[in-house]
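Under this note's numbering, the first residue of the sequence shown carries the number 728, and numbering increases by one thereafter.
Beta carbons are placed, not taken as given, at the ideal position from N, Cα and C, and that holds for glycine.
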Amino acid sequence: MQQQAAAAAGSDWLHVSGNQIVDAGGNPVWLTGVNWFGFNASERVFHGLWSANITQVTKSMADRGINIVRVPISTQLLLEWKNGQATAPNVNTYANPELEGKNSLQIFEYWLSLCETYGIKVMLDVHSAEADNSGHIHPVWYKGTITPELYYQAWEWAATRWKTNDTLVAFDLKNEPHGTANDTTRAKWDNTTDVDNWKNTAETAARRILAINPEVLILVEGQEIYPREGKTWSSPNTNPDLSPNYYNNWWGGNLRGVKDYPINLGANQDQLVYSPHDYGPLVFNQPWFDKPFDKTTLTNDVWRPNWFYIHENGTAPLLIGEWGGRLGQDARQDKWMTALRDLIVEHKLHQTFWVLNPNSGDTGGLLLDDWKTWDEQKYALLKPALWQYSNKFVSLDHEVPLGGAGSTTGISLGQRYSSGGGPGDTTAPSAPGQPTATGVTGTGVSLSWAASTDNVGVTSYDVLRGSTVIATVSGTSYAVTGLTPSTAYTFSVRARDAAGNVSAASAARSVTTTAGGDTPGGNGGCAATYKTTSSWSGGFQAEVTVRNTGTSAGTRWTVNWTYPSGTAVTSLWNGVLTTPAVTVTNAAHNGSLAANASTTFGFIGTGPATTPDPITCTLS
728 MQQQAAAAAG
738 SDWLHVSGNQ
748 IVDAGGNPVW
758 LTGVNWFGFN
768 ASERVFHGLW
778 SANITQVTKS
788 MADRGINIVR
798 VPISTQLLLE
808 WKNGQATAPN
818 VNTYANPELE
828 GKNSLQIFEY
838 WLSLCETYGI
848 KVMLDVHSAE
858 ADNSGHIHPV
868 WYKGTITPEL
878 YYQAWEWAAT
888 RWKTNDTLVA
898 FDLKNEPHGT
908 ANDTTRAKWD
918 NTTDVDNWKN
928 TAETAARRIL
938 AINPEVLILV
948 EGQEIYPREG
958 KTWSSPNTNP
968 DLSPNYYNNW
978 WGGNLRGVKD
988 YPINLGANQD
998 QLVYSPHDYG
1008 PLVFNQPWFD
1018 KPFDKTTLTN
1028 DVWRPNWFYI
1038 HENGTAPLLI
1048 GEWGGRLGQD
1058 ARQDKWMTAL
1068 RDLIVEHKLH
1078 QTFWVLNPNS
1088 GDTGGLLLDD
1098 WKTWDEQKYA
1108 LLKPALWQYS
1118 NKFVSLDHEV
1128 PLGGAGSTTG
1138 ISLGQRYSSG
1148 GGPGDTTAPS
1158 APGQPTATGV
1168 TGTGVSLSWA
1178 ASTDNVGVTS
1188 YDVLRGSTVI
1198 ATVSGTSYAV
1208 TGLTPSTAYT
1218 FSVRARDAAG
1228 NVSAASAARS
1238 VTTTAGGDTP
1248 GGNGGCAATY
1258 KTTSSWSGGF
1268 QAEVTVRNTG
1278 TSAGTRWTVN
1288 WTYPSGTAVT
1298 SLWNGVLTTP
1308 AVTVTNAAHN
1318 GSLAANASTT
1328 FGFIGTGPAT
1338 TPDPITCTLS
């Protein structure tokens, strides 16, 4: 049991450069794959092997463009393997004669050899502490006899076991740390060494792994909540689901803490990848699904503040470790999945789709119930987000085509970057012109700039406030809103092309907002109508309609009101919220109002559903 697995020779280890993952030669790669669960559960082996053949499933994934598979596993199973306690799982050996007589570790390593044959790379994900189908529900990486130290030791064993096998190229340290401030046990992110501090735990685990194998990619997920500005981890959580003291997101999907406390891996920083999760309304009906949304609003309201800023700022690469769901059952679900797929494709974000398994209750799978037939509708949605070059799927292996020797659907990484399959467009656009600032008010400014040039063509511009991307636009102007009066800001822009090349930033423009929020010359004709749309014990949902009652167009609006003690806004869409007195300014997409035109923003609140009086509105 303790003999080492046969090493797979090669030089396919991957590294990080800015927000890209690259091979040893510095060539950018695109990790596009899927999850296959089962080793994390009580069965201790891939689900589906009760009927499907492991070789056929693996070959099928490779033929259809899956170049990496994320494999959920438990710390408990890693420790059993470490201690020589691997047992024989329940596998249909009639369907899988190649697995006859093998225990769970031997089956896993046999599958690694299949992946090497077919050009697939592998990511190991500690999905839960215990081997349990519901183990992921536990919020942290330690439970019962699985202590934090044993969690570290399990990862060290894995790093040692496969340190020379470049088929297993990535370790996802822990699936979906989560929990809210009211929970007895929950994951937090700060600069402490507390046992429940996920940031410190991830750094410790990564450093211990990289001391053994400095070549493996380290994936760090987010957690569920993060304190709002001016709040701390000891602030009360007045409502477990919708608290005004915390930003809430999907389990594993909240990476706001990276801005304040980035992961530090020292000399091995070039192995770090951040990995958020994101889902649609059929998994959980988040507040942002209860309003009109599209790719732009999801990016601005959800994805950018929680994790997309990490990619845009060039901090590190992103790999969306879980996303997916059922199609054709909810128009909002289909719209969300298409929007996230398009963001992934546009920015070449790395991703592993959830899931291959048809037995996922939340999402269904890419395979149908026979574990052989593919869900063609779902695959068609995913296919554009799989790495392709010249109509062939690209392997992350320099020698083996995706699909194996003689593949008609795939090529190798070496072929992709050979003289006949060069890297394509690698020329970044020129830096745009320095922004010009006009219409400066207490809360906003209009920016415009000279266009960038590119050998192929500029597709978009990032607008930066300081070093933070606040918007991505297709044109050469942007109206900034939500600023603070009498405050100095600096703005710059950078250009992007279709190949993902990013220009240097323009020269910065310094702007100081005026003392008040109104623009001189504004028409002043504005009316705000407040309506409670639903209420329940302890909370409510409401909307406000803002109408231009003047005779000329306006470009920015602000609405103000004050709630009685005990009532507060907890989440808001189609506007920018400032508290404690409620001030809502327009979002980037709905500030312009022609005469007699209107727009609506909505929100969730806690406390009694009180209609405020007065409610004031200004338009400039």
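Membership of GLN998 in any beta strand (DSSP E) is not indicated, and neither H nor E is assigned to it by DSSP.
Counted as a single uninterrupted DSSP element, the alpha helix (DSSP H) harbouring PRO875 occupies residues 875–888. Per DSSP, reduced to three states, the secondary structure at TYR1106 is helical. Counting along the chain, TYR1144 sits inside no alpha helix (DSSP H), nor does DSSP assign it H or E at all. A direct Cα-to-Cα measurement between THR887 and VAL849 gives close to 16 Å. DSSP places THR1090 in the coil class of the three-state scheme, outside both helix and strand. Here the C-alpha atom of ASN964 lies approximately 26 Å from the C-alpha atom of SER855. Here VAL818 carries a coil assignment [DSSP, helix/strand/coil]. Of all alpha-carbon atoms in THR1272, VAL1238, ILE1047, the one lying nearest the alpha-carbon of ASN762 is that of ILE1047. CA-CA distance, LEU806 to SER1002, rounds to 24 Å. If the five residues before and after THR1343 are omitted, its C-beta is found closer than 6 Å to the C-beta atoms of ASN1287, all from its own chain and listed in chain order. Residue burial annotation: ASN991 is exposed, with fewer than 16 other C-beta atoms found within 10 angstroms of its C-beta. Assigned with DSSP and collapsed to three states, VAL849 falls in strand. In terms of Cβ geometry, PRO1044 and ASN746 form a close pair [threshold 8 Å]. Here ILE864 is exposed: its Cβ has fewer than 16 other Cβ atoms, across all protein chains shown, within 10 Å. Secondary-structure assignment with DSSP links PRO755 through a beta bridge to VAL749. For TRP925, there is no enclosing beta strand (DSSP E); the residue is part of the alpha helix (DSSP H) that begins and ends at 925–937. A distance of 8 Å or more separates the beta carbons of ASN1040 and VAL1190. Under the three-state reduction of DSSP, ASN830 is assigned to coil, being neither helix nor strand. The bridge partners DSSP lists for ASP1224 are VAL1185.
Contact annotation: ALA751 and SER769 have beta-carbon atoms that are not nearer than 8 Å. In terms of CA proximity to THR759, LEU1076 leads the group LYS901, TRP889, LEU1076.
A Cβ-Cβ separation of about 6 Å places LEU1067 in contact with TRP1050 under the 8 Å criterion. Partner residues in the beta bridge of LEU1304, as assigned by DSSP, are VAL1311.
Each of GLY1166, ASP1017, ALA1225 was checked against the Cα of LEU1070, and the nearest Cα belongs to ALA1225.
For LYS1119, the enclosing beta strand (DSSP E) begins and ends at 1119–1121. Annotation: ILE990 is outside any beta strand (DSSP E) and is labelled neither H nor E by DSSP. With respect to the 8 Å criterion, ASP1057 and PRO1111 are not classified as neighbours on the basis of their beta carbons.
Burial of PRO1128 is indicated by the presence of at least 16 other C-beta atoms within 10 angstroms of its C-beta. When C-beta atoms of the region 906–920 are compared with those of the region 872–884, fewer than three pairs fall below 8 Å, so the two segments do not count as touching. One thing to note: ILE1138 has its Cβ no nearer than 8 Å to the Cβ of TYR1106.
Within a 10 Å sphere around the beta-carbon of VAL1273 sit 16 or more other beta-carbons, which makes this residue buried. Look at TYR1290 here: in three-state DSSP terms it is coil, with no helix or strand label.
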